[in-house]
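Residue numbers (full-length UniProt numbering): 244 to 608.
Note that the Cβ used here is the ideal one computed from N, Cα and C, for glycine as well.
As the structure is a computational prediction, the values presented were derived from the model and not from experiment.
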Ligand code: F6R
């Protein structure tokens with residue numbers, strides 16, 4: 244059942260190119276409008292929407308953090324991403340002009356379901372992105388976007404996460420075309436980049452050896468830090484969560500610009516820091532962050548896009564992922580981070596498919 248792999252997690256990491264392809268097929272094709280079967284929102288519905296919430300828990304929440312950047316940039320609507328357990332108890336401002344997007348692999352998470360029901364009761368239009376056909380959330384939402392990741396057995400989410408981001412990307416494209424905030428040509432360009440993702444993810448899987456090596460040198464550490472800006476910050480958050488869950492190493496992610504506002508006090512000689520630096524526009528800012536931590540003795544593993552090999556001058560190890568649209572880099576750059584947490588856990592002898600204290604589906608608060 245593990246198809247020759249040692250664990251479900253590593254099998255599911257390798258299934259990501261297919262999961263992404265399956266999630267795109269039948270929905271996007273060059274020269275055609277986006278086709279979304281169970282999403283009926285119209286141009287008229289969209290005209291009155293002045294606020295979008297993306298609400299979820301854990302990894303699904305981090306997919307939502309990326310979704311905020313993509314929807315705001317493409318569809319020009321203000322988006323707020325929140326964790327479901329906070330959202331449900333904070334009296335959020337919701338009315339019939341609100342679009343609520345909940346993201347849940349299982350479609351059953353208690354807090355996310357409660358947030359969905361609250362939004363529905365307050366008159367919002369409710370959309371769900373889920374991996375389970377006929378799940379409670381799929382039954383209760385107005386619109387449903389199924390991720391076709393296939394069953395995810397490992398407790399730590401990998402292939403569901405990347406397909407959640409792809410779903411949000413496709414949704415952003417759909418909303419943007421309905422609203423006319425991007426041109427047909429821009430839409431085609433974005434689609435081309437989306438369709439090229441499976442191959443780029445496949446390529447990112449090739450970095451196993453470098454990652455394994457970095458893991459074998461660092462698995463004994465107590466703390467690690469992850470830095471990024473923009474969508475790279477979202478990737479850093481998810482990378483840190485994966486490492487915590489799988490290897491029980493304390494990991495914190497920060498937005499690069501926040502470093503000076505406190506976290507830098509924690510950097511000492513030998514502290515490992517993972518830097519995600521895929522964003523062209525703010526690449527130099529990340530290089531400054533790297534200098535700030537290496538000056539204090541940090542050991543840096545950096546992730547950049549091909550063409551930025553100059554980063555090697557400032558770090559201990561560097562890895563390159565293929566270039567894509569700046570909003571789509573998280574789908575590719577998370578892959579080496581998933582592998583990193585997997586190999587760290589293996590080095591430490593942890594149960595990768597069933598980390599301690601965790602459950603696959605959290606149906607109680
Ligand atoms: C982390 C992980 C969890 C889930 C979270 C939400 O690897 O799997 O953080 O993402 O419990 O679960 P769903 O998506 O089923 O609502």
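| Check | Outcome |
| --- | --- |
| Contact test: residue 582 Cβ vs the ligand F6R heavy atom, cutoff 7 Å | no |
| Residue 556 - DSSP class collapsed to helix/strand/coil | helix |
| Proximity of residue 257 and residue 480 at Cβ, strictly below 8 Å | no |
| Residues near residue 526 in its chain [Cβ-Cβ closer than 7 Å; skip 5 each side] | 520, 551 |
| Residue 269 versus residue 367 - alpha carbon distance | 28 Å |
| DSSP state of residue 548 mapped onto helix, strand, coil | strand |
| Coarse secondary structure for residue 375, derived from DSSP in three states | coil |
| Delimiting residues of the beta strand (DSSP E) encompassing residue 347 | 341–347 |
| Closer than 7 Å: residue 328 CB and nearest the ligand F6R heavy atom | no |
| Reference residue 309, options 577, 459, 592, closest by Cα | 577 |
| Heavy atom of the ligand F6R within 7 Å of residue 302 beta-carbon | yes |
| Rounded Cβ spacing between residue 436 and residue 571 (contact assumed at less than 8 Å) | 6 Å |
| Residue 462 versus residue 590 - alpha carbon distance | 6 Å |
| Contact set for residue 485: own chain, Cβ-Cβ below 7 Å, skip 5 residues either direction | 399, 580, 581, 584 |
| The ligand F6R heavy atom lying under 7 Å from the CB of residue 484 | yes |
| Segment contact flag, the stretch 532–547 with the stretch 412–428, C-beta cutoff 8 Å, min 3 pairs | no |
| At least three beta-carbon pairs within less than 8 Å, the stretch 385–398 to the stretch 281–297 | yes |
| Alpha carbon of residue 354 to alpha carbon of residue 553, nearest angstrom | 45 Å |
| Of the residues 516, 559, 473, 454, the one placed nearest residue 307, counting alpha carbons only | 473 |
| Proximal residues to residue 356 (C-beta, below 7 Å), its chain only, five neighbours per side dropped | 379, 380 |
| Residue from 263, 537, 414, 490 with nearest C-alpha to residue 510 | 537 |
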